[in-house]
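Data block below; observations after.
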Amino acid sequence: MKYFVYLIISKNKHKYLSYVGYTNNLKKRLARHNASKGAKFTRGRKWIIAYSMCYNSKSKAMREEYKLKKNYKLRNNIKSHFNK
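Heads up, the sequence shown is in our numbering, so the first residue is 858 and it goes up one at a time.
Below, the structure is given as structure tokens:
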């Protein structure tokens, strides 16, 4: 089974917010975030996928998700492409 690590972004007044997660069905997970049924932080906002990467194991995806969550430099770099 394939697992995806993703970064989604949403515009909040003057800045972009980001959220990182992992899933085995990216389209369904994004739909849940946009329907306010995802993580509590994502409720009430319109999200778009800014980054995703596919992995062959859940454990590898979880490790990479953790790394991306902690790597604010990379997250800000991805978000900066949407500021333009």
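Just so it is clear, CB atoms sit at the ideal spot from N, CA and C, and this is done for glycine as well. The structure displayed is predicted, hence computed values, not measured ones.
Beta-carbon proximity check, residue i vs residue j, cutoff 8 Å
{"i": "Leu925", "j": "Val862", "result": "yes"}
{"i": "Ile865", "j": "Ala907", "result": "yes"}
{"i": "Ser867", "j": "Leu883", "result": "no"}
Below-8 Å beta-carbon distance, residue i vs any chain E residue
{"i": "Asn869", "result": "Annotation note: the requested chain E is absent from the structure, which comprises a single protein chain."}
Endpoints, alpha helix (DSSP H) assigned at residue i
{"i": "Ala888", "result": "Leu883 to Asn891"}
{"i": "Met910", "result": "Note, Met910: premise wrong, no alpha helix (DSSP H); beta strand (DSSP E) at Ile905 to Tyr912."}
{"i": "Lys855", "result": "Summary: the structure shown does not reach residue 855, with the chain confined to residues 858 through 941, and so no result is reported for it."}
Buried versus exposed, by CB contacts within 10 Å (16 or more), residue i
{"i": "Tyr929", "result": "exposed"}
{"i": "Tyr923", "result": "exposed"}
Beta strand (DSSP E) segment containing residue i, residue limits
{"i": "Thr899", "result": "Note, Thr899: premise wrong, no beta strand (DSSP E); not H, not E."}
{"i": "Lys872", "result": "Lys872 to Thr880"}
{"i": "Lys859", "result": "Lys859 -> no beta strand (DSSP E), and no H or E assigned at all."}
8 Å contact criterion, which residue i and residue j should meet: CB distance rounded
{"i": "Tyr873", "j": "Lys915", "result": "Not confirmed; about 28 Å, so no contact."}
{"i": "Asn891", "j": "Met858", "result": "Going by Cβ atoms, the distance from Asn891 to Met858 rounds to 24 Å, so no, they are not a contact pair."}
Exercise. Is the region 924 to 941 in contact with the region 884 to 896, if contact means three or more CB pairs nearer than 8 Å?
Worked result: no
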